[in-house]
Amino acid sequence: MAGVELLSDQGYRLDGRKATELRKVQARMGVFAQADGSAYIEQGNTKALAVVYGPHEVRMSRSKTLHDRAVINCQYSMATFSTAERKRRPHGDRKSTEMSLHLKQTFEAAVLTNLYPRSQIDIYVKILQSDGGNYSACVNAATLAVIDAGIPMRDYVCACTAGFVDETPLADLCHAEESGGGTSLALALLPRGGHIALLQMDARLHQDHLETLMEAAMTACKGVSKVLDQVVRQHLQEVSALTGE
Amino acid sequence: MLKSKTFVKKTRSGGIMKIVREHYLRDDIWCGSEFCTECKQDESVLQKDACIESNLCVFPHYLLPDTNVVLSQIDILEDPLIKNVIILQTVLQEVRHRSAPIYKRLKDILHDKEKHFYTFTNEHHRETYIEREPGESANDRNDRAIRVSTKWYSDHLKNARTEEGLRIVLLTNDRENKDKSEEAGLLTYRCEEYIKSLIANPELVDRLALTNDDKNDITSSKVLFPEHLPLSRIQSGIKSGTFLQGTFRASRDNYLEATVFVHGEGDESTEVLIQGLQNLNRAVHQDLVAVEMLPQNQWVGPSSVVLQDEGPKDDDVTGDDEEEKALKGAVVGAGPRKPTARVVGIIKRNWRPFCGMLFLSQIKEATRHLFTPADRRIPRIRIETRQASTLAGQRIMVAIDGWPKHSRYPNGHFVRSLGCAGDKETETEVLLLEHDVPHQDFSQAVLSFLPKMPWSITEEDMAVREDLRHLTVCSVDPPGCTDIDDALHCRDLPNGNQEVGVHIADVSHFIRPGNALDQEAASRGTTVYLTGRRIDMVPELLSSNLCSLRCNVERLAFSCIWEINEKAEIIKTRFAKSVINSKASLTYAEAQMRIDDTSMNDDITKSLRGLNRLAKILKRQRIEKGALTLSSPEVRFHIDSETHDPIDLQTKELKDTNSMVEEFMLLANISVAQKIYEEFSECALLRKHPAPPPSNYDILNKAAKSKNLVIHTDSAKALADSLDAARVDNFPYFNTLLRILATRCMMQAVYFCSGMDSDFHHYGLASPIYTHFTSPIRR
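Top to bottom, those sequences are chains H and P. For what it's worth, my numbering labels the leading residue of the first sequence as 1, then goes sequentially. For what it's worth, my numbering labels the leading residue of the second sequence as 1001, then goes sequentially.
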């Protein structure tokens, strides 16, 4: 009995995409009225919801206040119903703390925090359905939510995963491809300048393939950024139509 | 376009998981035909001029086989005549799922450019994708997918049709599928009819695999082996005599053959032959099995064919069937028929972890692989592992879990990895494990019974022992030997005779019966000598230090002292526990040099010379009585001191001193045997060597006859004399070869208790009584 074939001879993956094709990305901004900024993104079957509160005064532990910039507080969580098997996820378990930290680092690099000294920006992200690329979906959702909240950023932060099968890099991995045991690289990029906000890799990869893999991930991120840009412009149009400007 | 594929899967723990996957449909999957003007493909695989001479299809046509046709008629598809075939993604995936070897062959064909086979990704093509209708089985859905794709192809190429007309021919053996496709207006033939219609190439018909009715699918749960009978039935069968119980011994040369040693009355055990995969019925080497004798007209002789299991040629039995027929063919006239039986049940499995290497599956991402054990008598084992690529070049250990009756190979699991294949450490480890040699460090419990250092002989010890520290005792051993078991001395007595003494290390003083040290030594049985490594039976403190009769230290010993006259006849024998102080630990070479050097005349040398002279006489006497000198070639490796790699090879030479020590050890053993038999006539532990039955000498006689020589085997003396006389001109090694063969004819020497047997004779040494008294450190 064999495992699944991740890349057929004809160049098609499990779901019929070619190696460099991304999954279908759909996003909406302003889904929650009560939050300062919110966004919902669907990358294939991965669905993520991001909500932003801020900038506001530092609640809880005044000591954390930074005198020259804003503190970014991120929280990542997965819904219990997000995976194929319902699994109770305690708050503050290792994986979500790690992801929250990654998100925090990513956004500290992108958001212009010096404009809001002595304040706090909260970003809460929740995965509603998990089918590979959790971190990327979170970052993309959070970007849109931050933009929706009106907080200035240097650039969009776009993230995408890339994998390596048979000398070919695959862009935007789904869950079956990630868990196949091969390499999986997650990259968060600021597309205009090509600056990398975060790079994370699992499993082993031969040194020689790293260049190609990163190139593929960067191209994929740029593709995502186009979609996000499109979403933002459309949202803006809708909002301005509603407010009659 | 995005569709969603939902299906339900059962997890290992029995739970149910709903899997949802995306399924993208594309517009850019091309048909692959040269003919086609619409598709913007880079290179077309299917030719324009796709003509195979057939009286059914006189026009150019492409073939489209369905799954069962591919699975059963892969030989036909591989034939160079068959070209321009469309393999659908549906068919390819099903083949991959059902049979790995056939999938590999299909992939090879697809890569062969000359064959013009094209894979059409119909599952992702917008127009040929179908969803399963409610109430439709998976098989039906796949069949429908094949029909839809065929229709699409026909319509697609209709536009590109020229006057001759390019058609698509669907090949299927399934009646329902054929009917439905004909209704849809597709050109369908059964594989058989199509092949038979190829009038230009009738030989292709021979390659048609005979399949059963179209109704039968090749299911993977085909029952290959007969069921094992339950234990109660086996026991009643053995009692009533219908079944026999015995130990299963697989044949090393032939994986389809084995012998079962049936325990008869007393020592008798009859050998029963088992041949054929079905008759072997999943028994593994060294299992305790129950067999049923076959009627006499089905008895066969042992085959003279060497057959090895080549691996998964075909995952089902058909590959082995061919080999079995070859086996039976070779057997007719191979030898006398022996009682043949078949295994009906396993009484007790005797599985242990086996060493060997992994044989990777042909499918890349597969997790199931075949493991080939180092021991050829064990069958290949199927294991499931994700680390296959890391384990590929290593020696690993695998244990068998079970052998279900529908599986060609037993299932097992990975135990641990021993290291890279070819690495000296790993290979040594494999050897030791395969031969069941315990080689771990001694446990704390065992070590606790060792005497505390510094150790010296106490007053109480001295009181019960004879003080022989003044004697000129010396030991002669191979170079590099640290476990010195024995020492000799020889001195002249005033009455003209000589006093000769053999002193053996007194191990029993340190190892008391029953304690952990004794038990561990008993379980190890012997010291194992490997090149460059020695695995001790007793811990090093004893074997190389306290028990070892090193020179210039006082040691406890058990002495056997004779008064011998100059004709080497024993006048008196006495035994005593003693304390000795060896004056020199010599090697064979050094001792020989001392004897030969006429300028040396010290006590040690005189002692050696005396021993040598007596030894020669003793040897002559033994040979007259008929002792055998057989040849077992021993080689010695020269190990490089830095890299510890062997750099040179040398055969061991026998010097006078070797045989000198040997003679006195034999003499000591014989004297001790006589003494203990005298004292404990009912329960003395002795050793005998039974004379081999005349049939054992057949190979020796055959070999000698080939050079027109005769070997007389009626008595040991006759054998020894004729072996000496058997020489051939210009072939000096011939005598050694004959001796080596003669060793193979011998029976095994055994330990026995004097009260249980009446025949004490030791054939090989031509002695009426014998035991093992010497070398207590290593056995």
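We put the beta carbon where it would ideally sit given N, CA and C, even for glycine.
How is D1477/P classed by DSSP in three states: helix, strand or coil? The residue you call residue 1477/P lines up with position 477 of the second sequence. Strand.
Rounding to the nearest angstrom, what Cα-Cα distance links K1178/P and I1076/P in this structure? The residue labelled residue 1178/P in the question sits at position 178 within the second sequence. The residue labelled residue 1076/P in the question sits at position 76 within the second sequence. K1178/P and I1076/P: Cα-Cα distance of roughly 20 Å.
Residues of chain H with a CB under 7 Å from the CB of H1023/P: which are they? What you label residue 1023/P is simply residue 23 of the second sequence in a count that begins at 1. Within 7 Å Cβ-Cβ: D15 and G16.
I'd like to know whether the C-beta atoms of Q43/H and V31/H end up nearer to each other than 8 Å. Translated into positions along the first sequence, residue 43/H becomes position 43. Translated into positions along the first sequence, residue 31/H becomes position 31. In this structure, V31/H does not lie closer than 8 Å to Q43/H by Cβ.
Per DSSP, which one or two residues make a beta bridge with I196/H? By one-based count along the first sequence, residue 196/H stands at place 196. For I196/H, which the question treats as bridged, DSSP gives the partners L189/H.
So V1020/P contacts chain H; which residues on that side make the cut at Cβ distance below 7 Å? Taking the first residue of the second sequence as position 1, residue 1020/P is located at position 20. Residues of chain H passing the Cβ test: N45.
What number of angstroms, rounded off, separates the C-alpha of L199/H from the C-alpha of C138/H? Here residue 199/H corresponds to residue number 199 of the first sequence, with the count starting at 1. Here residue 138/H corresponds to residue number 138 of the first sequence, with the count starting at 1. Their backbone Cα atoms lie some 15 Å apart in a straight line.
Please work out which residues of its chain come closer than 6 Å, Cβ to Cβ, to Y135/H, disregarding the five sequence neighbours upstream and downstream, and give them in chain order. In the first sequence, the residue the question calls residue 135/H occupies position 135. Result list for Y135/H: A186, in chain order.
Does chain H have any CB closer than 8 Å to the CB of T1119/P? Indexing the second sequence from 1 puts residue 1119/P at position 119. Chain H contact via Cβ: present.
Taking only the alpha-carbon atoms, compute the straight-line gap between V239/H and V232/H and give it to the nearest angstrom. Residue 239/H sits at position 239 when you count from the first residue of the first sequence. Residue 232/H sits at position 232 when you count from the first residue of the first sequence. Straight-line Cα distance between these residues: approximately 10 Å.
Is the distance from the Cβ of N1612/P to the Cβ of I1595/P below 8 Å? Against the second sequence, residue 1612/P aligns to sequence position 612. Against the second sequence, residue 1595/P aligns to sequence position 595. Going by C-beta atoms, N1612/P is nearer than 8 Å to I1595/P.
In the segment 1386-1420 of chain P, which residues sit with their C-beta less than 9 Å from some C-beta in chain H, listed in chain order? R1386
Is the separation between the beta-carbon of W1299/P and that of R1342/P shorter than 8 Å? Here residue 1299/P refers to the residue found at position 299 of the second sequence. Here residue 1342/P refers to the residue found at position 342 of the second sequence. No.
For Y1770/P, which three-state DSSP category applies? Position 770 of the second sequence, counting from 1, holds the residue named residue 1770/P. Coil at Y1770/P, not helix or strand.
Could you list the residues in the segment 1678-1707 of chain P with a C-beta less than 9 Å from some C-beta on chain H, going in chain order? none
Tell me whether Q1650/P is buried or exposed, calling it buried when 16 or more other Cβ atoms sit within 10 Å of its Cβ. As a working note, residue 1650/P is residue 650 in the second sequence. Exposed, because fewer than 16 other Cβ atoms sit within 10 Å of the Cβ of Q1650/P.
Limits of the unbroken beta strand (DSSP E) element including C1753/P: The residue given as residue 1753/P occupies position 753 in the second sequence. Here the beta strand (DSSP E) through C1753/P covers V1750 to C1753.
Along the chain, where does the beta strand (DSSP E) containing L1063/P start, and where does it finish? The residue you call residue 1063/P lines up with position 63 of the second sequence. Residues H1061 to P1065.
From the beta carbon of Q207/H, is the nearest beta carbon of chain P less than 8 Å away? By 1-based counting over the first sequence, the position of residue 207/H is 207. No - not a single Cβ of chain P is within 8 Å of the one on Q207/H.
Closest by C-alpha distance to E1133/P, when choosing among R1352/P, S1508/P, N1142/P and F1243/P: The count along the second sequence starts at 1 and reaches residue 1133/P at position 133. Comparing Cα-Cα distances from E1133/P to each of R1352/P, S1508/P, N1142/P and F1243/P, the minimum goes to N1142/P.
Compare the Cα-Cα distances from R1687/P to each of F1773/P, E1182/P and P1065/P and report the closest residue. Taking the second sequence and counting its residues from 1, the one referred to as residue 1687/P is at position 687. Per the Cα distances, F1773/P.
Give a yes or no on whether the minimum CB-CB distance between L1110/P and chain H is below 8 Å. As a position in the second sequence, residue 1110/P is number 110, starting the count at 1. Closer than 8 Å: yes.
Residue-chain proximity (H1124/P, chain H), Cβ-Cβ < 8 Å: Counting from 1 along the second sequence, the entry for residue 1124/P is found at position 124. At least one chain H Cβ lies under 8 Å of H1124/P.
Start and end of the beta strand (DSSP E) containing A50/H? Numbered from its first residue, the first sequence carries residue 50/H at position 50. Looking at the DSSP string, the run of the beta strand (DSSP E) that includes A50/H is T46 to E57.
Span of the alpha helix (DSSP H) holding F1734/P? The count along the second sequence starts at 1 and reaches residue 1734/P at position 734. Y1733 to C1745 is the extent of the alpha helix (DSSP H) around F1734/P.
Which of helix, strand or coil DSSP assigns to V165/H: Here residue 165/H is taken as the residue at index 165 of the first sequence, counted from 1. If DSSP states are grouped into helix, strand and coil, V165/H belongs with the strands.
Is Y40/H close to chain P, meaning its C-beta is less than 8 Å from at least one C-beta of that chain? Within the first sequence, residue 40/H is the residue found at index 40, counting from 1. It does not: the Cβ of Y40/H has no partner Cβ on chain P nearer than 8 Å.
Looking at C-beta atoms only, is the number of pairs between the segment 140-159 of chain H and the segment 170-184 of chain H that lie closer than 8 Å three or more? no
7 Å CB neighbourhood of S1754/P in its chain, flanking five on each side removed: Translated into the one-based positions of the second sequence, residue 1754/P becomes position 754. Once the five neighbours on either side are set aside, the close Cβ partners of S1754/P are Y1677, S1681, E1682, C1683, A1684 and L1686.
Would you check if the distance between the CB atom of E1123/P and the CB atom of T1172/P is smaller than 8 Å? Translated into the one-based positions of the second sequence, residue 1123/P becomes position 123. Translated into the one-based positions of the second sequence, residue 1172/P becomes position 172. Contact flag unset, no.
Take the Cβ of K1009/P as the centre, count every other Cβ of all protein chains shown within 10 Å, and call the residue buried at 16 or more, exposed below. By 1-based counting over the second sequence, the position of residue 1009/P is 9. It counts as exposed.
Is it right to say M78/H is buried, meaning 16 or more other beta carbons lie within 10 angstroms of its own, or is it exposed? Position 78 of the first sequence, counted from the first residue, corresponds to residue 78/H. Burial call: buried.
Three-state class that DSSP yields for F107/H in the structure shown: The residue labelled residue 107/H in the question sits at position 107 within the first sequence. In this structure, F107/H counts as helix in the three-state DSSP scheme.
Just mark F1007/P as buried or exposed, buried being the case when its beta carbon has 16 or more other beta carbons within 10 Å. The residue you call residue 1007/P lines up with position 7 of the second sequence. It counts as exposed.
Opposite T1259/P in the DSSP bridges: which residues? Taking the second sequence and counting its residues from 1, one reaches residue 1259/P at position 259. R1249/P and L1273/P, per the DSSP bridge assignment.
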